[in-house]
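A.B. asks: After the structure tokens below, expect a handful of questions from me.
Residue numbers (full-length UniProt numbering): 1 to 484.
Now the structure itself:
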């Protein structure tokens with residue numbers, strides 16, 4: 001809350017500003033005073049707590065599921081059994097349920113071909129499949145959700161037969177908790193302007209809450225409903241969802257023991273690979289030294305690693321996870337340099353040095369920024385070198401550009417803070433979608449693949465694809481809501 005305020009006129013780099021000085025009670029407080037040519041530099045501090053994950057403890061995290069060949073052999077046998085299920089199941093609804101279960105248990109990366117083939121056949125033969133049953137809300141909603149999830153065009157009108165004349169869900173379906181749950185989950189795959197699904201979501205949520213109050217006899221279904229109302233499946237992180245669903249599926253009366261055993265075994269095997277990646281990242285972070293030398297910044301390697309696992313969880317993509325963890329950790333520290341510690345003059349120097357990407361320019365910077373820039377410069381150059389060596393494409397110009405754009409967006413926010421300027425919504429959004437760092441993270445994710453092309457790289461550099469822009473907007477708004 002503002003404590004006091006007054007207008008002040010001043011100039012900055014030749015430009016005149018009229019600034020409203022407002023003193024706020026803030027979580028960032030001045031803690032360090034440094035004398036520079038008889039001037040006192042007051043630096044802020046966010047009082048970030050130290051990490052709770054000790055290096056030695058992280059290095060001790062391991063299990064034997066990768067080293068023990070018996071686990072791998074058992075996993076291979078179970079996967080073949082599940083593939084036979086795809087061949088043997090005839091009923092379309094049972095096929096959809098099989099796909100849904102496999103996806104929620106985190107096993108879909110093993111059965112990509114089988115899932116694609118099954119859904120393609122269902123999409124082609126929709127006139128004779130489960131959705132042709134106009135009374136089966138559950139089957140219609142499950143089919144709609146899975147087809148939409150995998151990119152098939154399905155009209156929202158398939159739900160019209162379940163609505164009455166005024167647009168409400170027909171009374172005959174009010175107690176169909178299973179059908180309502182799947183309708184609710186399906187509604188999160190709507191497209192702009194699909195009013196049937198928009199309305200269905202609200203109605204289904206209301207009826208599901210009533211189901212929770214009146215019917216708790218079916219524990220498995222009750223847990224799914226409660227879980228969905230907290231956060232829909234489409235918005236959840238698949239890896240965390242798999243861990244939760246393993247425990248829930250185990251309570252299902254008609255569970256498939258083969259699929260359950262495979263899910264538990266596979267989860268532990270993948271977790272072992274993730275632990276290898278974490279130990280690698282922990283060693284890299286310790287050797288880099290930013291956690292200790294940049295004591296004002298967040299030392300959050302574990303959190304940044306978990307973010308990477310959320311983005312890239314499949315075991316074969318360890319390279320991408322390791323790159324993404326490094327990128328996330330660097331972003332976190334640099335964000336705190338701009339947001340908390342650096343003076344405006346220092347931040348302008350740092351931004352200029354990043355844009356020039358010349359190690360000889362480092363002498364302009366104060367010592368703490370030299371360390372930070374060295375870490376960024378060496379890490380990004382190493383990633384670019386690895387890509388050049390492995391794929392023959394020079395990605396350094398692209399990486400320099402995305403990091404420069406990020407630092408420029410941080411700098412603009414710092415200028416707004418120092419001059420007391422409140423941007424318009426449009427000004428804020430035009431900068432904030434970059435400062436959330438989505439373009440840097442997704443850009444590096446692209447470089448971690450084996451599918452880099454000169455054409456694709458050029459397209460990303462010249463025109464940020466809508467996928468990057470809108471993904472960044474979503475993360476930015478969610479982040480702002482979470483910290484408001």
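Glycine included, C-beta positions come from ideal geometry on N, C-alpha and C.
Quick check on DSSP: helix, strand or coil for residue 45?
C.D. replies: Reading the chain shown from its first residue, position 45 is the one you call residue 45. It is a strand residue.
A.B. asks: I want to know whether the region 398-411 touches the region 424-435 - three or more CB-CB distances under 8 angstroms.
C.D. replies: Flag = yes, the region 398-411 and the region 424-435 touch.
A.B. asks: The alpha helix (DSSP H) with residue 253 in it runs from where to where?
C.D. replies: In the chain shown, counting from the first residue as 1, residue 253 sits at position 253. From DSSP, residue 253 is part of no alpha helix (DSSP H); its letter is neither H nor E.
A.B. asks: In angstroms with no decimal places, state the Cα-to-Cα distance between residue 142 and residue 296.
C.D. replies: Position 142 of the chain shown holds residue 142. Position 296 of the chain shown holds residue 296. Spanning the two alpha carbons is a distance of roughly 49 angstroms.
A.B. asks: Only counting runs of 4 or more residues, tell me where the alpha helix (DSSP H) segments fall wholly within the region 176-258, in order along the chain.
C.D. replies: Segments of the alpha helix (DSSP H) lying fully in the region 176-258: 177-187, 195-214, 219-230, 238-250.
A.B. asks: So residue 239 and residue 309 are in contact, right, with Cβ under 8 angstroms, and what is the actual spacing, rounded?
C.D. replies: Along the chain shown, read from residue 1 onward, the residue named residue 239 stands at position 239. Along the chain shown, read from residue 1 onward, the residue named residue 309 stands at position 309. Sure, about 6 angstroms apart at Cβ, within 8 angstroms.
A.B. asks: Among residues of its own chain, excluding the 5 on either side of residue 36, which ones have a beta-carbon nearer than 8 angstroms to its beta-carbon?
C.D. replies: Here residue 36 is taken as the residue at index 36 of the chain shown, counted from 1. For residue 36, the predicted structure reports a pLDDT of 41, less than 50, and the residue's modelled location is therefore unreliable. The matter cannot be settled from this model.
A.B. asks: To the nearest angstrom, how far is the alpha carbon of residue 190 from that of residue 198?
C.D. replies: As a position in the chain shown, residue 190 is number 190, starting the count at 1. As a position in the chain shown, residue 198 is number 198, starting the count at 1. About 8 angstroms.
A.B. asks: Going by DSSP, name the residue or residues bridged to residue 85.
C.D. replies: Here residue 85 is taken as the residue at index 85 of the chain shown, counted from 1. DSSP, once it has assigned bridges, lists no residue as partnering residue 85.
A.B. asks: If I follow the unbroken alpha helix (DSSP H) through residue 350, where does it start and stop?
C.D. replies: Working through the chain shown from its first residue, we reach residue 350 at position 350. It spans 344-356 - the alpha helix (DSSP H) in which residue 350 sits, taken as one unbroken run.
A.B. asks: So, using beta-carbon positions, are residue 90 and residue 272 closer together than 8 angstroms?
C.D. replies: Working through the chain shown from its first residue, we reach residue 90 at position 90. Working through the chain shown from its first residue, we reach residue 272 at position 272. Cβ atoms of residue 90 and residue 272: not closer than 8 angstroms.
A.B. asks: Of all the options 195, 82, 105, which has the alpha carbon lying nearest to the alpha carbon of residue 113?
C.D. replies: Translated into the one-based positions of the chain shown, residue 113 becomes position 113. Closest option to residue 113, Cα to Cα, is 82.
A.B. asks: Buried or exposed: residue 383, going by 16 or more other Cβ atoms within 10 Å of its Cβ?
C.D. replies: Within the chain shown, residue 383 is the residue found at index 383, counting from 1. Residue 383 comes out buried.
A.B. asks: Compare the C-alpha of residue 151 against each of 134, 123, 136, 167 and name the closest.
C.D. replies: Against the chain shown, residue 151 aligns to sequence position 151. Of the candidates 134, 123, 136, 167, the one whose C-alpha sits nearest the C-alpha of residue 151 is 123.
A.B. asks: By Cβ distance, which residues of its chain are closer than 8 angstroms to residue 423, with the 5 residues on each side in sequence left out?
C.D. replies: For the purposes of this step, residue 423 is taken as residue 423 along the chain shown, with counting starting at 1. The answer, listed in chain order, is 416, 431.
A.B. asks: Does at least one heavy atom of the ligand ZN sit under 7 angstroms from the Cβ of residue 365?
C.D. replies: Looking at this structure, you won't find the ligand ZN or any other ligand, since it has none at all.
A.B. asks: Go ahead and pull the three-state DSSP assignment for residue 311.
C.D. replies: By one-based count along the chain shown, residue 311 stands at place 311. In this structure, residue 311 counts as helix in the three-state DSSP scheme.
A.B. asks: Quick one: Cα of residue 344 to Cα of residue 370, how far?
C.D. replies: Numbered from its first residue, the chain shown carries residue 344 at position 344. Numbered from its first residue, the chain shown carries residue 370 at position 370. So the alpha carbons of these two residues sit roughly 16 angstroms apart.
A.B. asks: So, with DSSP's three-state summary, where would you put residue 115?
C.D. replies: Against the chain shown, residue 115 aligns to sequence position 115. Of the three classes helix, strand and coil, the one that applies to residue 115 here is helix, per DSSP.
A.B. asks: For residue 349 and residue 440, what's the separation of their Cα atoms in angstroms?
C.D. replies: Within the chain shown, numbered from 1, the residue matching residue 349 stands at position 349. Within the chain shown, numbered from 1, the residue matching residue 440 stands at position 440. One C-alpha to the other measures close to 21 angstroms.
A.B. asks: Quick one: is residue 317 buried, meaning 16 or more other Cβ sit within 10 Å of its Cβ, or exposed?
C.D. replies: Within the chain shown, the letter at position 317 stands for residue 317. Buried.
A.B. asks: Could you please give me the residues that DSSP links to residue 163 through a beta bridge?
C.D. replies: For this step, residue 163 is matched to residue 163 along the chain shown. Note: residue 163 sits in a beta bridge opposite 169.
A.B. asks: On the CB-based measure, 16 or more other CB atoms within 10 Å of its CB, does residue 465 come out buried or exposed?
C.D. replies: Indexing the chain shown from 1 puts residue 465 at position 465. With fewer than 16 other Cβ atoms within 10 Å, it is exposed.
A.B. asks: Does the Cβ-Cβ distance between residue 181 and residue 228 come in under 8 angstroms?
C.D. replies: Taking the chain shown and counting its residues from 1, one reaches residue 181 at position 181. Taking the chain shown and counting its residues from 1, one reaches residue 228 at position 228. In this structure, residue 228 lies closer than 8 angstroms to residue 181 by Cβ.
A.B. asks: Going along the chain, which residues of its own chain have a beta-carbon closer than 6 angstroms to the beta-carbon of residue 48, five neighbours each way excluded?
C.D. replies: Numbered from 1 along the chain shown, position 48 holds the residue referred to as residue 48. Cβ neighbours of residue 48 beyond the five flanking positions: 298.
A.B. asks: From this set, 276, 207, 387, which residue's C-alpha is nearest residue 321's C-alpha?
C.D. replies: Position 321 of the chain shown holds residue 321. Residue 321 has its Cα closest to that of 276, out of 276, 207, 387.
A.B. asks: So what does DSSP say about residue 474, is it helix, strand or coil?
C.D. replies: For the purposes of this step, residue 474 is identified with residue 474 of the chain shown, where counting begins at 1. Of the three classes helix, strand and coil, the one that applies to residue 474 here is helix, per DSSP.
A.B. asks: Three or more beta-carbon pairs under 8 angstroms between the region 360-370 and the region 279-288, yes or no?
C.D. replies: Short answer: they don't touch.
A.B. asks: What residue from 144, 443, 161 has the CA that sits closest to residue 467's CA?
C.D. replies: Within the chain shown, the letter at position 467 stands for residue 467. Checking every option, the nearest Cα to that of residue 467 belongs to 443.
A.B. asks: Given a cut-off of 8 angstroms on the beta-carbon distance, is the pair residue 221 and residue 177 in contact?
C.D. replies: By 1-based counting over the chain shown, the position of residue 221 is 221. By 1-based counting over the chain shown, the position of residue 177 is 177. Yes. Within cutoff.
A.B. asks: Mark residue 179 as exposed unless 16 or more other C-beta atoms lie within 10 angstroms of its C-beta, in which case mark it buried.
C.D. replies: Stepping through the chain shown from its first residue, residue 179 is reached at position 179. It counts as buried.
A.B. asks: For residue 327, which residues in the same chain have their Cβ closer than 7 angstroms to its Cβ, ignoring the five residues on either side in sequence?
C.D. replies: If you number the chain shown from 1, residue 327 lands on position 327. Hits under 7 angstroms: 440, 441, 444.
A.B. asks: In the structure shown, what three-state DSSP assignment does residue 7 receive?
C.D. replies: Counted from its first residue, the chain shown places residue 7 at position 7. Any reading at residue 7 needs caution, since the residue's pLDDT is 38, under 50, leaving its predicted position unreliable; the model's value is listed next. In this structure, residue 7 counts as strand in the three-state DSSP scheme.
A.B. asks: How many Å lie between residue 204 and residue 168 at the Cα?
C.D. replies: The residue you call residue 204 lines up with position 204 of the chain shown. The residue you call residue 168 lines up with position 168 of the chain shown. Cα to Cα, residue 204 sits roughly 10 angstroms from residue 168.
A.B. asks: Report the rounded CA-to-CA distance for residue 162 versus residue 315, giving the unit in angstroms.
C.D. replies: Counting from one through the chain shown, the residue named residue 162 turns up at place 162. Counting from one through the chain shown, the residue named residue 315 turns up at place 315. About 42 angstroms.
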